[in-house]
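Numbered per this note's numbering, the sequence shown spans residues 115 to 806. Backbone N, C-alpha and C fix where the C-beta goes; we use that ideal spot for every residue, glycine too. The structure presented is a predicted model; accordingly, all values stated were derived computationally and were not measured. Take a look at the structure set out below.
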Amino acid sequence: MAKNLVIVESPAKAKTIGKILGKSYKVIASVGHIRDLPKSTLGIDIEDNFKPKYINIRGKGPLINELKKEGKNADKILLATDPDREGEAISWHLAYILDIDPNDKVRVEFNEITSNAIKNAIKKPRALDINLIDAQQARRILDRLVGYKISPLLWKKIKKGLSAGRVQSVAVKFICDREEEIDNFIPQEYWTIKALLSKDRESFEANFIGKYINNKEKKVELKTEEEVNKILSEIENNNFIVHGIKRGQRKRKPYPPFTTSTLQQDASKKLGFTTKKTMMVAQQLYEGIDLGKEGTIGLITYMRTDSTRIAKEAINSTKDFIYKNFGKEYSNGGKDYTNKSKKETQDAHEGIRPTNVLRIPDEIKGFLSKDQFKLYKLIWDRFVGSQMKEAIYDTLSVNILNNDNLFKASGSKLAFLGFLKVYITTDEEIADMKIPDLNEGDILKLKDILPKQNFTQPPARFTEASLIKTMEEKGIGRPSTYAPTIATILARNYVALENKIFYPTDLGKLVNDLLTEYFNIVVNEEFTADLEKKLDNIAEGNLTWVEVVDDFYSDFKVELEKAEDEIDKIEVKDEVSDVLCEKCGRNMVIKSGRYGKFLACPGFPECRNTKPILDEINVNCPECDDGKIVRKKTKNGRTFYGCSNYPNCEFVSWDEPYDEKCPNCGEYMVIKRNKSGDTIRCSNKECGYIKK
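Below is the structure:
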């Protein structure tokens, strides 16, 4: 029988670590938390310093009994849960269940699941860190107070099953506020003038910048067609002359290793992964992959971190790898990316990196799933790039005069790849300049002059990547909270994700309006960010969790009492439709039910007439022509378009049909939506026509 018991969180992790430690250790998974606040009650004694009432999680009884049994038979128990606040709290609950003194040296932690890291950690157990435990406990209690105190008010005024959350409510507000900005946006007209010039049959483009008077540049903004025509008349029949040439160099620094948020953002942009998928695949890479003869090995370091720091051993091994595979000139000599402004407790983890740089993605591809390979390669490329020199560009900027009208052309040419050898973020980064060899005083040939009317665009709606970036910049949430926050607001139907863009639902807007009016403390981003800093201070031992919770609750209680007093006066009116009830003649109203919106007679209970809502978009069906196109949703919430005559007409389209035929092939047109703007194009992919 094994003399040592090691408890981790995940069964996959237990399997990997068990193989590393051998027969003298038994490794068991707790499968996350084993104790938590009860679901049926608040579980917090507000009068007794917010004392939490933890209970064993339902369904975990057999596992707890097994842990107790194994613990009694073991000479030594080690708690090896994840190396973060949540993991520390899970170890604390395990210590309680197993009657272990928290001051005993039973806690081991490691940033990677490799043989050396595990064996070294086992040799250096420590006592549980009460400050980390208190920080997690404070977060749990704060979230419970917000959720369990506000949610019943939402049930009372809107519908059952809704929830409010300290972080999720701010995220929903970001999306609702952005939608309001877009709705209120007034486009402003502006014009640009582009000159297509050439020298010795080599063509290039130059843009109108403004005027050049008394040897000074004056920028001119063109706001009307009249202003443009005036410039065009001044240009006509005059030469374009090279007036100034400036050559230089520009350096582009490598990116630091990934943090949780930058990994989620990059995986979203480059791989099309959702935050949930990114964290799931990263977890698999961290916990261990079977590499055949090499055994099961964790391929990346811990993936929940806001640090970019790198261990010295990893820096040295990567420097050797770069010397050998790319040449000494590509190495930056080794950079650790330690954030000097962060306290030691906040920078305890490393950035996300491969556990061994010699495990080159292409060489282990056969052991990985398609998604595992994509994410591992992204992490490997970013990390190796972080240890390489800057990319260097030769730059060229040319001033061109036509009378006193100033045009500029600029370009750059990649002179040294540097980190771009392994980690390219955009195609433009390795594009060459397209300007011919010019000299001062050259007279250029005008091939074409291209005035263009433009309009300012509203701010872009959030994608998962941009929402995470905004939350991180504003200090809302922490690495472990981004993915579950997004999953929650989608599951609650507060927002919808269409073509990878977030839209607030009517329900989301309604909940946000109610919270904004009565619970400013919850949706206020600055207050929420400040609370995150206080949680960090608890983890650092500078504040107690009770005083942080008490400070919050004293303000929250005032808003809560006001809302409870006034909630009955709030009237959430049903939206009245123009559809008449065929049974009693009243205008039907729009109601929300378990399966979405529907029409109901306001004469209930005398009249119980209901009918589904057909969300028509005022476009005739391109197949049957007498039906109307209606907007529908799949079971997963994805929007599609069909005919109102279904099932007699089975027309469907993922893209919104447009009320015009393609002038090229006669097929119906569709609206293609993306974050950079909508385009109207032919539904026939072989045609490819795009309406200007």
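Three-state secondary structure assigned by DSSP to residue i
i, result
"Ala714", "strand"
"Trp768", "coil"
"Gln363", "strand"
"Cys290", "helix"
"Thr753", "strand"
"Leu645", "helix"
"Val220", "coil"
"Val672", "helix"
"Met547", "coil"
"Glu730", "strand"
"Gln571", "coil"
"Val703", "strand"
"Leu510", "strand"
"Leu628", "helix"
"Ser445", "strand"
"Ala194", "coil"
Extent of the continuous beta strand (DSSP E) to which residue i belongs
i, result
"Gly324", "316-327"
"Ser312", "303-313"
"Phe608", "With the sequence shown as reference, residue 608 is identified as Tyr, and Phe is not the correct amino acid for it. Counting along the chain, Tyr608 falls outside any beta strand (DSSP E), and DSSP gives it neither H nor E."
"Gly854", "Because the chain here runs from 115 to 806, residue 854 falls outside it and cannot be looked at."
"Asp420", "No beta strand (DSSP E) contains Asp420, which DSSP labels as neither H nor E."
"Glu800", "Run containing Glu800: none; DSSP gives neither H nor E here."
Spatial distance of residue i from residue j (CA atoms)
i, j, result
"Leu399", "Ser124", "13 Å"
"Phe576", "Arg366", "27 Å"
"Gly717", "Trp269", "23 Å"
"Lys742", "Pro761", "13 Å"
"Trp494", "Asn430", "16 Å"
"Asp792", "Cys735", "21 Å"
"Asn353", "Lys527", "28 Å"
"Ala188", "Arg149", "22 Å"
"Val663", "Pro370", "35 Å"
"Thr619", "Lys711", "12 Å"
"Ser767", "Ile414", "41 Å"
"Ile635", "Ala579", "26 Å"
"Ile466", "Phe497", "8 Å"
"Asp434", "Ala428", "10 Å"
"Glu800", "Phe765", "20 Å"
"Leu472", "Ile436", "11 Å"
"Asn626", "Cys290", "7 Å"
"Ile824", "Asn351", "Residue 824 lies beyond the range of the chain shown here (115 to 806); nothing can be said about it."
"Ser382", "Thr389", "7 Å"
"Thr374", "Asn613", "23 Å"
Extent of the continuous alpha helix (DSSP H) to which residue i belongs
i, result
"Val395", "389-401"
"Asp380", "374-380"
"Arg199", "199-211"
"Ile236", "229-237"
"Thr130", "125-135"
"Glu331", "Where Glu331 is concerned, there is no enclosing alpha helix (DSSP H), although the beta strand (DSSP E) it sits in stretches over 330-333."
Candidates the options, of which the one nearest residue i by Cα
i, options, result
"Thr491", "Phe481, Lys503, Gln501, Asp476", "As written in the sequence, residue 491 is Lys, which differs from the Thr given in the question. Comparing Cα positions, the closest option is Asp476."
"Ala320", "Pro550, Ser431, Ala425, Glu730", "Pro550"
"Asp769", "Tyr326, Pro166, Ile794, Leu135", "Ile794"
"Lys344", "Asp518, Val141, Lys167", "Asp518"
"Glu316", "Ser265, Leu346, Leu558, Leu645", "Leu558"
"Gly448", "Ile424, Asn439, Ile466, His463", "Ile424"
"Glu821", "Gln571, Gly591, Glu730, Ala677", "What the structure shows of the chain is the stretch from 115 to 806, and residue 821 is not part of that stretch, so it cannot be assessed."
"Ser758", "Phe440, Arg364, Gly780, Glu730", "Glu730"
"Lys561", "Ala428, Tyr596, Lys313", "Lys313"
"Ser421", "Met394, Lys390, Val395, Glu464", "Glu464"
"Ile719", "Cys698, Ile247, Gln379", "One point to set straight first is that residue 719 is Pro, not Ile, in the sequence displayed. When only C-alpha atoms are compared, the closest one is Cys698."
"Gly441", "Gly756, Lys503, Leu482, Thr539", "Lys503"
"Phe530", "Lys676, Asp665, Asn513, Pro368", "Pro368"
"Ile131", "Lys182, Ile178, Gly412", "Gly412"
"Pro266", "Tyr632, Glu401, Glu443, Ser277", "Ser277"
Residues near residue i by beta carbon distance below 8 Å, same chain, minus five either side
i, result
"Arg700", "Leu694, Cys715, Pro716, Gly717, Cys721"
"Ile652", "Asn245, Asp248, Ala249, Ala252, Thr658, Trp659, Val662"
Close Cβ partners of residue i (< 6 Å) along its chain, the five nearest in sequence each way excluded
i, result
"Gly622", "Val286, Tyr608, Val609"
"Ile563", "Ala309"
"His147", "Ile204"
"Leu489", "Val395"
"Ile134", "Ser229, Ile232"
heavy atom of the ligand GDP below 7 Å from residue i C-beta
i, result
"Ser594", "Because no ligand of any kind appears in the structure shown, any question about the ligand GDP cannot be addressed here."
Sequence-distant residues of its chain with Cβ nearer than 7 Å to residue i (five each side left out)
i, result
"Gln460", "Only weak support exists for where Gln460 lies, its pLDDT of 46 falling under 50; the coordinates are left without a value."
"Gly756", "Val744, Lys746, Phe765, Val766"
"Arg606", "Leu276, Ser277"
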